[in-house]
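Heads up, the thing below is written out as structure tokens.
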Amino acid sequence: MARRRWRGVDSRRGARYPRRSFGTMSDDKRIRVGILMGSASDWPTVQHAALVLNELGVGNEARVLSAHRSPHAAAAYAESAAAQMITCRPRAAGGAAHLAGVIAAHTHLPVLGIPMMGWSTDGLDSLLSTVQMPAGIPVGTLAVGKAGAKNAGLLAVAIMSLSDEALRERYLAFRKAQTDSVLATELPPAGSA
Ligand code: RP5
Numbered sequence: 039m040a041r042r043r044w045r046g047v048d049s050r051r052g053a054r055y056p057r058r059s060f061g062t063m064s065d066d067k068r069i070r071v072g073i074l075m076g077s078a079s080d081w082p083t084v085q086h087a088a089l090v091l092n093e094l095g096v097g098n099e100a101r102v103l104s105a106h107r108s109p110h111a112a113a114a115y116a117e118s119a120a121a122q123m124i125t126c127r128p129r130a131a132g133g134a135a136h137l138a139g140v141i142a143a144h145t146h147l148p149v150l151g152i153p154m155m156g157w158s159t160d161g162l163d164s165l166l167s168t169v170q171m172p173a174g175i176p177v178g179t180l181a182v183g184k185a186g187a188k189n190a191g192l193l194a195v196a197i198m199s200l201s202d203e204a205l206r207e208r209y210l211a212f213r214k215a216q217t218d219s220v221l222a223t224e225l226p227p228a229g230s231a
């Protein structure tokens, strides 16, 4: 299969093109990660999952589907033939955050929950309602907010890396660049920060 230098996928719904890419990738244009959120108000946070997936050359799509405002559409999406081809599913919701759990109930695929910040309890409500799944239907829950969104993207990559050698190489290059960046850190003189 022809290989080319990756220049970024079409980042959806306003996410910026990535600044960096890691290694080469195939011409695989499949949507491999589906990103759902309960409201467009979640997107400024959730876009960080899309950005890291774009950076690592993983096709993804982002959609607004609410577990309580559009419950039938959310379930239909999870059960659709197209969505069954998606290998990993970051899910974001705030408040009584049941989107990830509802979606997980409708698919055997890995579901990653991203609790949203900004509610009266600073995301504790979202965190608990995402992480406290009863036994039998797992939701892998990440940190609240931007860190959780970015890590959901990275965890999706790590999961898919188990069966995708090219992606594993890009992920390892990403990790190395991150480590190198930390080790190259120079602090300003004390008192100037
Ligand atoms: C949830 O309610 C969404 O995921 C969002 O985090 C929260 C608030 O939604 P909006 O009222 O901003 O649309 O369903």
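Residue numbers for the sequence shown follow our numbering, beginning at 39 and rising by one.
Yeah, the Cβ is synthetic: ideal placement off N, Cα and C, and Gly gets one too.
Could you work out which residue in the options is closest to residue i when comparing CA atoms only?
| i | options | result |
| --- | --- | --- |
| residue 179 | 70, 205, 68, 127 | 127 |
| residue 153 | 146, 159, 165 | 165 |
| residue 192 | 67, 80, 74, 96 | 96 |
| residue 113 | 74, 91, 80, 181 | 74 |
| residue 197 | 224, 218, 124 | 124 |
Which word fits residue i, buried or exposed, when buried means at least 16 other C-beta atoms lie within 10 angstroms of its C-beta?
| i | result |
| --- | --- |
| residue 216 | exposed |
| residue 145 | buried |
| residue 110 | exposed |
| residue 202 | buried |
| residue 232 | Nothing can be reported for residue 232: it is not among the residues displayed for the chain, which extend from 39 to 231. |
| residue 173 | exposed |
| residue 70 | buried |
| residue 80 | buried |
| residue 220 | exposed |
For residue i and residue j, what's the separation of their Cα atoms in angstroms?
| i | j | result |
| --- | --- | --- |
| residue 167 | residue 229 | 43 angstroms |
| residue 133 | residue 83 | 15 angstroms |
| residue 206 | residue 116 | 27 angstroms |
| residue 211 | residue 161 | 32 angstroms |
| residue 135 | residue 85 | 18 angstroms |
Between residue i and the rest of its own chain, which residues show a CB-CB distance below 8 angstroms, the 5 nearest in sequence each way excluded?
| i | result |
| --- | --- |
| residue 177 | 129, 138, 139, 142, 149, 150, 151, 168, 169, 171 |
Excluding the 5 residues preceding and the 5 following residue i in the sequence, name in chain order all residues of the same chain whose CB lies nearer than 6 angstroms to its CB.
| i | result |
| --- | --- |
| residue 76 | 104, 131, 137 |
| residue 175 | 142, 143 |
Can you tell me whether residue i is helix, strand or coil according to DSSP?
| i | result |
| --- | --- |
| residue 75 | strand |
| residue 208 | helix |
| residue 150 | strand |
| residue 178 | strand |
| residue 129 | strand |
| residue 220 | helix |
Looking only at its own chain, which residues have a Cβ that is under 7 angstroms from the Cβ of residue i, when we skip the five neighbours before and after it?
| i | result |
| --- | --- |
| residue 186 | 152, 153, 180 |
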